[in-house]
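Under the UniProt record's numbering, residues 1 to 700 are what the first sequence spells out, in order.
Quick notes on the structure that follows.
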Amino acid sequence: MEGGSGFNSVPPSNSFDKSRVLDVKPLRSLKPVFPNAPSTPPFVCAPPHGPFPSGFTPFYPFSTPQGSQASPDNQQNTTPVQMPMGPTPTPLRAFRSSQAPEFSGAFNGDTEPEVGGNEDGHVDGQKRAARNARGSNSSQKKTRKNQEPGSSRRAAPAPKGPSANFVVGISQIERDDGSRELVNHVLMTFDALRRRLSQIEDAKEQSTGIIKRPDLKASNILMSSGLRTNMKKRIGVVPGVEVGDIFFFRMELCVVGLHAQSMGGIDYMIVRGDTEEEPLAVSIVSSGGYDDDAEDRDVLIYSGQGGNFGKKDKQAADQKLERGNLALERSLRRTNDVRVIRGMKDSVNPTSKVYVYDGLYKIQESWIESKTGCNIFKYKFVRLPGQPGAFSVWKSIQKWKEGISSRVGLILPDLTSGAESTPVSLVNDVDEEKGPAYFTYFSTLKYSKSFNLAQPSFGCNCHNACQPGDHNCSCVTKNGGKFPYTSNGILVSRKPLIYECGPTCPCFPNCKNRVSQTGLKVHLEVFKTTDKGWGLRSWDPIRAGTFICEYAGEVIDKVKGKQGGEEGDNDEYVFDTARVYGSFKWNYEPGLLDEESSSESSEEYKLPSDLIISAKNVGNVSRFMNHSCSPNVFWQPVLYEHNSQSFLHIAFFAIRHIPPMTELTYDYGSAGSDEVGGNSALNKKKKCLCGSSNCRAYFG
DNA sequence: GAACCCTCATCTCG
DNA sequence: CCGAGATGAGGGTT
Numbered sequence: 001m002e003g004g005s006g007f008n009s010v011p012p013s014n015s016f017d018k019s020r021v022l023d024v025k026p027l028r029s030l031k032p033v034f035p036n037a038p039s040t041p042p043f044v045c046a047p048p049h050g051p052f053p054s055g056f057t058p059f060y061p062f063s064t065p066q067g068s069q070a071s072p073d074n075q076q077n078t079t080p081v082q083m084p085m086g087p088t089p090t091p092l093r094a095f096r097s098s099q100a101p102e103f104s105g106a107f108n109g110d111t112e113p114e115v116g117g118n119e120d121g122h123v124d125g126q127k128r129a130a131r132n133a134r135g136s137n138s139s140q141k142k143t144r145k146n147q148e149p150g151s152s153r154r155a156a157p158a159p160k161g162p163s164a165n166f167v168v169g170i171s172q173i174e175r176d177d178g179s180r181e182l183v184n185h186v187l188m189t190f191d192a193l194r195r196r197l198s199q200i201e202d203a204k205e206q207s208t209g210i211i212k213r214p215d216l217k218a219s220n221i222l223m224s225s226g227l228r229t230n231m232k233k234r235i236g237v238v239p240g241v242e243v244g245d246i247f248f249f250r251m252e253l254c255v256v257g258l259h260a261q262s263m264g265g266i267d268y269m270i271v272r273g274d275t276e277e278e279p280l281a282v283s284i285v286s287s288g289g290y291d292d293d294a295e296d297r298d299v300l301i302y303s304g305q306g307g308n309f310g311k312k313d314k315q316a317a318d319q320k321l322e323r324g325n326l327a328l329e330r331s332l333r334r335t336n337d338v339r340v341i342r343g344m345k346d347s348v349n350p351t352s353k354v355y356v357y358d359g360l361y362k363i364q365e366s367w368i369e370s371k372t373g374c375n376i377f378k379y380k381f382v383r384l385p386g387q388p389g390a391f392s393v394w395k396s397i398q399k400w401k402e403g404i405s406s407r408v409g410l411i412l413p414d415l416t417s418g419a420e421s422t423p424v425s426l427v428n429d430v431d432e433e434k435g436p437a438y439f440t441y442f443s444t445l446k447y448s449k450s451f452n453l454a455q456p457s458f459g460c461n462c463h464n465a466c467q468p469g470d471h472n473c474s475c476v477t478k479n480g481g482k483f484p485y486t487s488n489g490i491l492v493s494r495k496p497l498i499y500e501c502g503p504t505c506p507c508f509p510n511c512k513n514r515v516s517q518t519g520l521k522v523h524l525e526v527f528k529t530t531d532k533g534w535g536l537r538s539w540d541p542i543r544a545g546t547f548i549c550e551y552a553g554e555v556i557d558k559v560k561g562k563q564g565g566e567e568g569d570n571d572e573y574v575f576d577t578a579r580v581y582g583s584f585k586w587n588y589e590p591g592l593l594d595e596e597s598s599s600e601s602s603e604e605y606k607l608p609s610d611l612i613i614s615a616k617n618v619g620n621v622s623r624f625m626n627h628s629c630s631p632n633v634f635w636q637p638v639l640y641e642h643n644s645q646s647f648l649h650i651a652f653f654a655i656r657h658i659p660p661m662t663e664l665t666y667d668y669g670s671a672g673s674d675e676v677g678g679n680s681a682l683n684k685k686k687k688c689l690c691g692s693s694n695c696r697a698y699f700g
């Protein structure tokens, strides 16, 4: 693979290594910008193929015992996609007969079927509010009746009462129908709360060994505050949720309206036709509890629910054609789209799961299988064509990792030549360029002198790993008494400055307060973008708050002026904390918990002094991260000691959950206008290519 | 391993 | 008979 063109991969030497030479000019976001269309859902919901057969089919319950409804055995190896032996789709004439023109749109979200029952969630909201009140969270805003009795929400979409529709900034309409911004906001609030609750839990004495569920607590608070969106159930696309989006908790699916059941795998709604009501499936979660067949990328064999399979001390039984199973059956006949969420093991954190929204599917057939004498329903889901890859991307990555198929366009399997514990691949699948320009890989900062603090500084005295609740640990104290990371190493809050344990501290290297010093944890890839030169992305899913990498390079001494002489002027690889960075909010809102001082959770950086780093000649993966005006990564100053001297570092963390193969970006900020040389600062600005809806057009 | 939470279905009461 | 509220069942998750 590597013998080829361009450069030689020479064995790594531990000393100064100039061998990792990649000799092409760097390029970093310099092309003209074509702003993307606003973030509409990435695909249109087109009917999968051709016109459907019309007319009636005789009522076709597969509940009529297994007779002719073949088990897949006798058709297993035939082509899966076209015309199965399943029932003919019944057109949806029963609904909106007056104006349902074609079948196609009728059930895919264009026209909305009536929703029966569950007129709203307020009842539950109140119940929960009451429940919470007796618990410790008494501070939630009261859920009010935000809908007058008798006003159907469909009939009266406009906000009614003047102020009645706002709780924590989300209007009733927004709670019904979301948007990308809203979904992101809700998810970020959820996770910020969750992290904070974990932090509180971590800090408790071990004696209270009760396992708490911060995810449930967080969602509880959101739900009872009305901080959620897409509450209105719907078939098809959920506004603001995109194919490929990932989630780490079932509750996240709930609060954004992707899948309302907190546990159940099948979510459905009652749809009212002219004559009768029937349940139709809107979404399913396949998470491995049943033996679903998820080998194929576009096909999913899904098992019905119930029957006590896999549960201990419960008698297995036949599954019944009711609830979710019934809804799936009806959806098969109605051929409506069903959202599919695939859950799988999180490779980074094996005890938990990742859920990938894999877009819309249709149910193509169903049958009954027998397992240990009991009947199980099986449903064959087939993915609608034309949607962006989601689960399939995961499958590919899995193959790359197993070495079964190598990455297309792979130039180097590890451009760090072992300098990092996790390899970083170098890939170009868009053109012939063989790699970025020469630089030396180095995984941290090169300081020419120490970072002077007024007060002398020393590490802690812990002799094992520092404990979150330990007030004798000076490192914890320096962080305001709050451990900056959760037990699985996720950053809780942005802060003016984070104090980690350093080489001076006697605590073990596995101390949780050294997150930014432990090297890369996710498998990154430097890749050629189509219009921004080289960029950075990850093979692994990344949780919000995950440490990604630090900005490595040579610290520039301001006194000496511009290092590197003339070239300093157009050094594209400078990181400067003195730039102007737009403020943004990442932390939990203290009002949602019983916490007073919001000043304590300031997100403004406060540095002992400015830090300028150049990664032009020496650097790590960070130098490839491009700018975006709506980034998914932010930087955070981190301080730790070495030989009684403090050193400042810049650590990058994920703003939100980042699906695999999504480009990682952060906000480069802009040079202040007070820069020496007047308008030279302006000249240095570059056109932005981030394409986000709130793009500032220039950066740098 | 235990302690959870959301929705739907059904029941009760006015 | 209807709607509002209460209660129970169901389904896995972390």
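Ideal Cβ placement from N, Cα and C applies to all residues, glycine included.
Remember, it's a predicted structure, so these values are computed and weren't measured experimentally.
Discussion item. If you reduce the DSSP assignment to three classes, tell me which class Ala-203 lands in.
Written reply: DSSP places Ala-203 in helix when its eight states are reduced to three.
Fill in: Strand pairing of Met-344, partner residues [DSSP]
Assignment of beta-bridge partners to Met-344 by DSSP yields Val-354.
Item to complete: Kindly list the residues whose CB is nearer than 6 Å to the CB of Val-427, restricted to its own chain and excluding five residues on each side of it in sequence; keep chain order.
Response: Correct list, in chain order: Arg-407, Gly-409, Leu-410, Glu-525 and Phe-527.
Practice prompt. Look at the alpha carbon of Ile-368 and the alpha carbon of Glu-329, and state the distance between them as a whole number of angstroms.
Written response: Their backbone Cα atoms lie some 12 Å apart in a straight line.
Worksheet entry | Minimum C-alpha distance to Glu-572 - residue among Val-580, Met-625 and Trp-539 | Measuring from the Cα of Glu-572, the nearest candidate turns out to be Met-625.
Fill in: Buried/exposed call for Glu-554, threshold 16 Cβ in 10 Å
Around the Cβ of Glu-554, a 10 Å sphere holds 16 or more other Cβ atoms; the residue is buried.
Practice prompt. Specify, as a first and last residue, the run of the beta strand (DSSP E) that Met-625 falls within.
Written response: Careful: Met-625 lies outside any beta strand (DSSP E) and carries neither H nor E.
Fill in: Gly-226, buried or exposed, once every other Cβ within 10 Å from all chains shown has been counted against 16
Residue environment for Gly-226: buried (at least 16 other C-beta atoms within 10 angstroms of its C-beta).
Fill in: Same chain, Cβ closer than 7 Å to Ser-39, five either side skipped, listed in chain order
Its pLDDT being 32, under 50, Ser-39 is placed unreliably by the model, and nothing is read from it.
Discussion item. Just to confirm the assignment, what range does the alpha helix (DSSP H) spanning Lys-685 have?
Written reply: Unbroken run through Lys-685: none, as it is neither H nor E.
Worksheet item: Under the rule that 16 or more other beta-carbon atoms within 10 Å means buried, what is Asn-325, buried or exposed?
Response: Label assigned to Asn-325: buried.
Worksheet item: Can you tell me the Cα-Cα spacing of residue 701 and Glu-550, whole angstroms?
Response: An answer regarding residue 701 cannot be provided, because it is not within the stretch 1 to 700 covered by the chain.
Item to complete: Assuming Lys-371 and Phe-309 form a contact by the criterion Cβ under 8 Å, report the distance between their Cβ atoms to the nearest whole angstrom.
Response: Taking C-beta atoms under 8 Å as the contact rule, Lys-371 and Phe-309 qualify, at a distance of about 7 Å.
Worksheet entry | Touching by the beta-carbon criterion (3+ pairs, under 8 Å), the region 294-305 and the region 246-260 | Judged by Cβ distances under 8 Å, the region 294-305 makes no contact with the region 246-260, as fewer than three pairs qualify.
Item to complete: For the beta strand (DSSP E) containing residue 741, list its first residue and its last residue.
Response: Residue 741 falls outside the range modelled here, since the chain spans only 1 to 700, and no answer is possible.
Worksheet entry | Residue environment, Ser-644, which counts as buried when at least 16 other CB atoms sit within 10 Å | That one is exposed.
Worksheet item: By a C-beta neighbour count over all protein chains shown, 10 Å radius and 16 as the cutoff for buried, is Gly-481 buried or exposed?
Response: Around the beta-carbon of Gly-481, fewer than 16 other beta-carbon atoms lie within 10 Å, marking it exposed.
Item to complete: Determine the DSSP secondary structure at Val-408, reduced to helix, strand or coil.
Response: Residue state, collapsed to three classes: coil.
Worksheet entry | Residues near Ala-516 in its chain [Cβ-Cβ closer than 7 Å; skip 5 each side] | Residue identity differs from the one stated: residue 516 is Ser in this sequence, not Ala. Cβ neighbours of Ser-516 within its own chain (closer than 7 Å, five residues either side excluded): Glu-500, Phe-547, Glu-550, Val-638, His-649 and Ala-651.
Worksheet item: Ordered along the chain, which non-local residues of its own chain (more than five positions away) have a Cβ less than 8 Å from that of Gly-668?
Response: Here residue 668 is Tyr; the residue named in the question, Gly, does not match the sequence. Closer than 8 Å at the Cβ level, and outside the excluded window around Tyr-668, lie Arg-579, His-627, Phe-699 and Gly-700.
Worksheet item: Could you give the distance in angstroms between the alpha-carbon of Thr-662 and the alpha-carbon of Arg-623?
Response: The straight-line gap from Cα to Cα measures roughly 17 Å.
Discussion item. For Leu-664, tell me which candidate among Gln-172, Leu-258 and Trp-635 has the shortest Cα-Cα distance.
Written reply: Selected option, being the one with the closest Cα: Trp-635.
Worksheet item: If you draw a straight line from the C-alpha of Lys-362 to the C-alpha of Glu-402, how long is it?
Response: For the pair Lys-362 and Glu-402, the Cα-to-Cα distance works out to about 31 Å.
Worksheet item: Which term fits His-471, buried or exposed, when burial requires 16 or more other beta carbons within 10 angstroms of its beta carbon?
Response: Exposed: under 16 other Cβ atoms inside 10 Å.
Fill in: Endpoints, the alpha helix (DSSP H) within which Ala-218 is located
In the DSSP assignment, Ala-218 falls within the alpha helix (DSSP H) that extends over 214-225.
Practice prompt. Could you please give me the residues that DSSP links to His-185 through a beta bridge?
Written response: Bridge partners of His-185: none, in fact.
Discussion item. Do Ser-448 and Asp-557 have their beta-carbon atoms positioned less than 8 Å apart in this structure?
Written reply: Remark: C-beta atoms of Asp-557 and Ser-448 approach each other more closely than 8 Å.
Worksheet item: What's the gap between the Cα of Ile-404 and the Cα of Glu-641?
Response: Looking at the backbone, the Cα of Ile-404 and that of Glu-641 are separated by about 44 Å.
Worksheet entry | Cβ pair count under 8 Å reaching 3, the region 608-624 against the region 217-236 | Taking 8 Å as the limit for Cβ pairs, the verdict is that the region 217-236 does not touch the region 608-624.
Practice prompt. Decide if Phe-584 is buried, meaning its Cβ has at least 16 other Cβ atoms within 10 Å, or exposed.
Written response: By the 10 Å Cβ count, Phe-584 comes out exposed.
Worksheet item: For Met-251, does the three-state DSSP call read helix, strand or coil?
Response: The answer is helix: DSSP assigns Met-251 an H, G or I state.
Worksheet item: What residue does the beta strand (DSSP E) around Ile-266 start on, and which one ends it?
Response: Ile-266 -> beta strand (DSSP E) spans 266-272.
Worksheet item: Quick one: Cα of Val-348 to Cα of Val-354, how far?
Response: Cα to Cα, Val-348 sits roughly 10 Å from Val-354.
Discussion item. Rounding to the nearest angstrom, what Cα-Cα distance links Gln-319 and Pro-279 in this structure?
Written reply: Rounded to whole angstroms, Gln-319 to Pro-279 spans 17 Å at the Cα level.
Item to complete: Starting from the C-beta of residue 701, find all residues in its chain whose C-beta is less than 7 Å away, skip the five residues before and the five after it, and write them out in chain order.
Response: Limits of the chain in this structure are 1 at one end and 700 at the other, which puts residue 701 out of reach.
Worksheet item: Helix or strand or just coil, what does DSSP make of Val-555?
Response: In the structure shown, Val-555 sits in a strand (DSSP, three-state: E or B).
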